[in-house]
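Undergrad: The numbers in the working numbering rise by one with no breaks, and the one at position 49 of the sequence shown is 51.
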Amino acid sequence: AFALRRRFHNVSTHTRYAPLGPEATAIFDAMETARCEAMGARVMPGTAQNIDAKIADDARRMGYANITEADQAPQAEAAAHLVRQLATSRDLPPGAANVLRLWRDHLEAEAGDALSDVNGCLHDQRQFARLTRQVISDLGYADQLGEDPDALDDDETEQEDESDESQDNQEDTGDTEQE
């Protein structure tokens, strides 16, 4: 998983789109890990079995095969398993499959529209981060997202345009500052 994250993950992009609140952050991080693992499974099919073994071991250690209620497993974990399954069409190990079974109806009811685009943006971390932020919002954690990083770009561009216009106007009127 570390090697896949290193290959398919850009820290700057992740930091830029990362939400602020704890639930939102957990979902964001889990879905990004699932994206990296799914990309690895697509590009290097041999890694899929290793990822399966890691997921199976994690689920075994957490006792997920024996849980009966969704709130006994993190929603973030279920979201990651759903991303992985949508992206790879692979069966999940039993414990992980149980987590997804308990959460799937909720995830699809609340964020199904956004999740239906997983395959279309898996290769682009920025697009995937936007999708993940939409999923987080759809799941009811919009208040934990913080500022929209894309809107910040728009604001910065507007400020640069206004600064350029101001400078152009000063040059047109001959009102440039002398140093």
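All C-beta atoms in this analysis are idealised placements derived from N, C-alpha and C, irrespective of residue type, glycine included. None of these values were measured; they are calculated from a predicted model.
Could you spell out the range, first to last residue, of the alpha helix (DSSP H) harbouring alanine 80?
TA: As a working note, residue 80 is residue 78 in the sequence shown. Residues 77 to 90.
Undergrad: Could you round the C-beta distance between alanine 36 and arginine 86 to whole angstroms and report it? I think they count as a contact, below 8 Å.
TA: Stepping through the sequence shown from its first residue, residue 36 is reached at position 34. Stepping through the sequence shown from its first residue, residue 86 is reached at position 84. The pair is a contact, with the Cβ atoms about 5 Å apart (cut-off 8 Å).
Undergrad: Tell me the DSSP secondary structure of proline 24 in three-state form.
TA: As a position in the sequence shown, residue 24 is number 22, starting the count at 1. Of the three classes helix, strand and coil, the one that applies to proline 24 here is helix, per DSSP.
Undergrad: If we count the other Cβ atoms within 10 Å of its Cβ and call it buried at 16 or more, is histidine 83 buried or exposed?
TA: On the sequence shown, position 81 is the one that residue 83 refers to. Histidine 83 should be labelled buried.
Undergrad: Cα-Cα, which of Arg106, Ala58, Ala50 and His16 is closest to phenylalanine 30?
TA: Locating residue 30 in the sequence shown gives position 28, counting from the first residue. Nearest C-alpha to phenylalanine 30: His16.
Undergrad: How do the stretch 61 to 75 and the stretch 94 to 105 stand: do at least 3 beta-carbon pairs fall below 8 Å, yes or no?
TA: Result yes; three or more Cβ-Cβ pairs closer than 8 Å.
Undergrad: Below 8 Å between beta carbons: does that hold for leucine 88 and valine 120?
TA: The count along the sequence shown starts at 1 and reaches residue 88 at position 86. The count along the sequence shown starts at 1 and reaches residue 120 at position 118. Result yes, Cβ atoms of leucine 88 and valine 120 sit closer than 8 Å.
Undergrad: Check whether the Cβ atoms of asparagine 12 and glutamine 129 sit closer than 8 Å, and answer yes or no.
TA: As a first step, residue 12 is located in the sequence shown; it is residue number 10 there, counting from the start. As a first step, residue 129 is located in the sequence shown; it is residue number 127 there, counting from the start. Going by C-beta atoms, asparagine 12 is not nearer than 8 Å to glutamine 129.
Undergrad: Following the continuous alpha helix (DSSP H) through isoleucine 57, name the residue where it begins and the one where it ends.
TA: Taking the sequence shown and counting its residues from 1, one reaches residue 57 at position 55. 49 to 64 is the extent of the alpha helix (DSSP H) around isoleucine 57.
Undergrad: So valine 101 and alanine 81 are in contact, right, with Cβ under 8 Å, and what is the actual spacing, rounded?
TA: The sequence position of residue 101 within the sequence shown is 99, counting from 1. The sequence position of residue 81 within the sequence shown is 79, counting from 1. Contact flag wrong, Cβ pair sits at about 10 Å.
Undergrad: Would you kindly report the start and end of the unbroken alpha helix (DSSP H) that includes threonine 17?
TA: In the sequence shown, counting from the first residue as 1, residue 17 sits at position 15. Its alpha helix (DSSP H) spans residues 13 to 19.
Undergrad: Just how far apart, CA to CA, sit alanine 153 and cysteine 38?
TA: Against the sequence shown, residue 153 aligns to sequence position 151. Against the sequence shown, residue 38 aligns to sequence position 36. Taking the straight line from one Cα to the other gives about 26 Å.
Undergrad: Which whole-angstrom value is the C-beta distance of alanine 40 and leucine 124, which I expect to be below 8 Å?
TA: Locating residue 40 in the sequence shown gives position 38, counting from the first residue. Locating residue 124 in the sequence shown gives position 122, counting from the first residue. About 6 Å; that satisfies the 8 Å criterion.
Undergrad: Are proline 21 and glycine 148 close, meaning C-beta to C-beta below 8 Å?
TA: Taking the first residue of the sequence shown as 1, we reach residue 21 at position 19. Taking the first residue of the sequence shown as 1, we reach residue 148 at position 146. Their beta carbons are under 8 Å apart, which means proline 21 touches glycine 148 by this criterion.
Undergrad: Looking at chain E, is there any beta carbon in it that lies within less than 8 Å of the beta carbon of arginine 8?
TA: The structure shown contains no chain E; it holds only a single protein chain.
Undergrad: Is the beta carbon of tyrosine 19 sitting closer than 8 Å to the one on arginine 135?
TA: For the purposes of this step, residue 19 is identified with residue 17 of the sequence shown, where counting begins at 1. For the purposes of this step, residue 135 is identified with residue 133 of the sequence shown, where counting begins at 1. Yes. Within cutoff.
Undergrad: Between which two residues does the alpha helix (DSSP H) harbouring isoleucine 138 extend?
TA: Stepping through the sequence shown from its first residue, residue 138 is reached at position 136. Element bounds for isoleucine 138: 127 to 138.
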